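For any residue, its number in the numbering used here is found by taking its place in the sequence shown, counting from 1, and adding 29.
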Amino acid sequence: MLPELSQPMAHPEHLDLLTAGIRVWNRWRQQNAHIRPNLRAADLKGVDLAGFNLRQTYLSGADLSRAYLFEANLRETNLQGVNLSHCCLIGADLTQAYLADANLYHAYLSQANLTEAYFGHGNLEKANLSDTVLDRAYFGQANIQATDFSDAQNLEPLQLRLAQNFELAILTAEADGANEPERALALRVPSP
Numbered sequence: 030m031l032p033e034l035s036q037p038m039a040h041p042e043h044l045d046l047l048t049a050g051i052r053v054w055n056r057w058r059q060q061n062a063h064i065r066p067n068l069r070a071a072d073l074k075g076v077d078l079a080g081f082n083l084r085q086t087y088l089s090g091a092d093l094s095r096a097y098l099f100e101a102n103l104r105e106t107n108l109q110g111v112n113l114s115h116c117c118l119i120g121a122d123l124t125q126a127y128l129a130d131a132n133l134y135h136a137y138l139s140q141a142n143l144t145e146a147y148f149g150h151g152n153l154e155k156a157n158l159s160d161t162v163l164d165r166a167y168f169g170q171a172n173i174q175a176t177d178f179s180d181a182q183n184l185e186p187l188q189l190r191l192a193q194n195f196e197l198a199i200l201t202a203e204a205d206g207a208n209e210p211e212r213a214l215a216l217r218v219p220s221p
């Protein structure tokens, strides 16, 4: 997890650079790799951030609902409490991202890398996590109602044992490193 900042809102200069477009932003990130951008609580609803380098960015509390983050780099990013509902994160890299209390309702994360991502207490209801990489991802107390985990790689029952509300969740995954057909995960839905 990234350390907290003293500034509770987005840094105006960082927000200006982001809205200037992908070329300006990614060049600035490359030239200023030592800076962790602060976009906390920013209103980024529906913004096109496809391919943006948002690695190690502070985005906690931001509104990214309906944003387009196709193949964005969100490695080690603080996304605590972020609204990612109806967001497109197809092919995004969220390795070691911190998504505690995040709202991913109906988000599309197909083909995303979620290795060691933390979804504790998050809302993943109706999210599409098909064909994702889930090595050591954490879902403790997360709502996974109607979440699609089909063809997810390295999804193990242990990862979901502390998750909440399995109702209508699609829980099939590829066997690790094997040329076997899909196998259903041995998870039990608690009786009401």
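Ideal Cβ positions, reconstructed from N, Cα and C, are used throughout, including at glycine. Nothing here was measured: the structure is a model prediction, and the numbers come from that model.
Ranges of the beta strand (DSSP E) found wholly within the segment 76–130, counting only runs of at least 3
If only uninterrupted beta strand (DSSP E) runs of at least 3 residues are considered, none is enclosed by the segment 76–130.
Do Asp122 and Asn102 have their CB atoms nearer than 8 Å?
Taking the first residue of the sequence shown as position 1, residue 122 is located at position 93. Taking the first residue of the sequence shown as position 1, residue 102 is located at position 73. Taking 8 Å as the Cβ cut-off, Asp122 and Asn102 qualify as a contacting pair.
Bridge partner(s) assigned by DSSP for Asn132:
Here residue 132 is taken as the residue at index 103 of the sequence shown, counted from 1. Beta-bridge pairing links Asn132 to Asn112, Asn152.
Considering only C-alpha positions, which residue in the set Gln125, Thr176, Gln170 is nearest to Leu138?
On the sequence shown, position 109 is the one that residue 138 refers to. Ranking the options by Cα distance to Leu138, first place goes to Thr176.
Can you give me the C-alpha to C-alpha distance between Lys155 and Leu83, rounded to a whole angstrom?
For the purposes of this step, residue 155 is taken as residue 126 along the sequence shown, with counting starting at 1. For the purposes of this step, residue 83 is taken as residue 54 along the sequence shown, with counting starting at 1. Each residue's alpha carbon lies about 25 Å from the other.
Where Asn61 falls: helix, strand or coil (DSSP)
Start at 1 with the first residue of the sequence shown, and residue 61 comes out as number 32. Looking at Asn61 - three-state DSSP - the assignment turns out to be coil, as it is neither helix nor strand.
Top-ranked residue by Cα proximity to Thr48, from Leu68, His150, Thr106, His135
Taking the sequence shown and counting its residues from 1, one reaches residue 48 at position 19. Ranked by Cα distance from Thr48, the options Leu68, His150, Thr106, His135 are led by Leu68.
Pair within 8 Å by beta-carbon distance, Ala192 and Ala171
Within the sequence shown, numbered from 1, the residue matching residue 192 stands at position 163. Within the sequence shown, numbered from 1, the residue matching residue 171 stands at position 142. With a cutoff of 8 Å on beta-carbon distance, Ala192 and Ala171 are scored as near each other.
Going by CA-CA distance only, name the one from Thr144, Ile51, His43 that's closest to Ile64.
Within the sequence shown, numbered from 1, the residue matching residue 64 stands at position 35. The shortest Cα separation from Ile64 among Thr144, Ile51, His43 belongs to His43.
Which residues does DSSP pair with Val162 in a beta bridge?
Within the sequence shown, the letter at position 133 stands for residue 162. Asn142, Gln182, per the DSSP bridge assignment.
Using 8 Å as the threshold, is the C-beta distance between Leu93 and Leu73 below it?
What you label residue 93 is simply residue 64 of the sequence shown in a count that begins at 1. What you label residue 73 is simply residue 44 of the sequence shown in a count that begins at 1. The Cβ atoms of Leu93 and Leu73 sit closer than 8 Å to each other.
In whole angstroms, what separates the C-alpha of Pro37 from that of Val111?
Along the sequence shown, one-based indexing puts residue 37 at 8. Along the sequence shown, one-based indexing puts residue 111 at 82. Their Cα atoms are separated by approximately 14 Å.
Is the beta carbon of Leu128 sitting closer than 8 Å to the one on Tyr147?
In the sequence shown, the residue the question calls residue 128 occupies position 99. In the sequence shown, the residue the question calls residue 147 occupies position 118. Judged by beta-carbon spacing, Tyr147 lies within the 8 Å limit of Leu128, meaning their Cβ atoms are closer than that value.
Got a sec? Which residues, its chain only, sit under 7 Å from Asn183 by beta carbon, not counting five neighbours each side?
Along the sequence shown, read from residue 1 onward, the residue named residue 183 stands at position 154. Residues of the same chain with a CB within less than 7 Å of the CB of Asn183, apart from the 5 flanking positions on each side, are Val162, Leu163, Asp164, Asp205 in chain order.
Would you grab the beta carbon distance between Ser114 and His135 for me? Rounded to a whole angstrom, and I think it's under 8 Å.
Residue 114 sits at position 85 when you count from the first residue of the sequence shown. Residue 135 sits at position 106 when you count from the first residue of the sequence shown. Contact flag correct, Cβ pair sits at about 6 Å.
Since Ala131 and Leu108 are thought to touch, with beta carbons under 8 Å apart, how far apart are those beta carbons, to the nearest angstrom?
Locating residue 131 in the sequence shown gives position 102, counting from the first residue. Locating residue 108 in the sequence shown gives position 79, counting from the first residue. Yes, they are in contact, since the Cβ atoms of Ala131 and Leu108 sit about 5 Å apart, within 8 Å.
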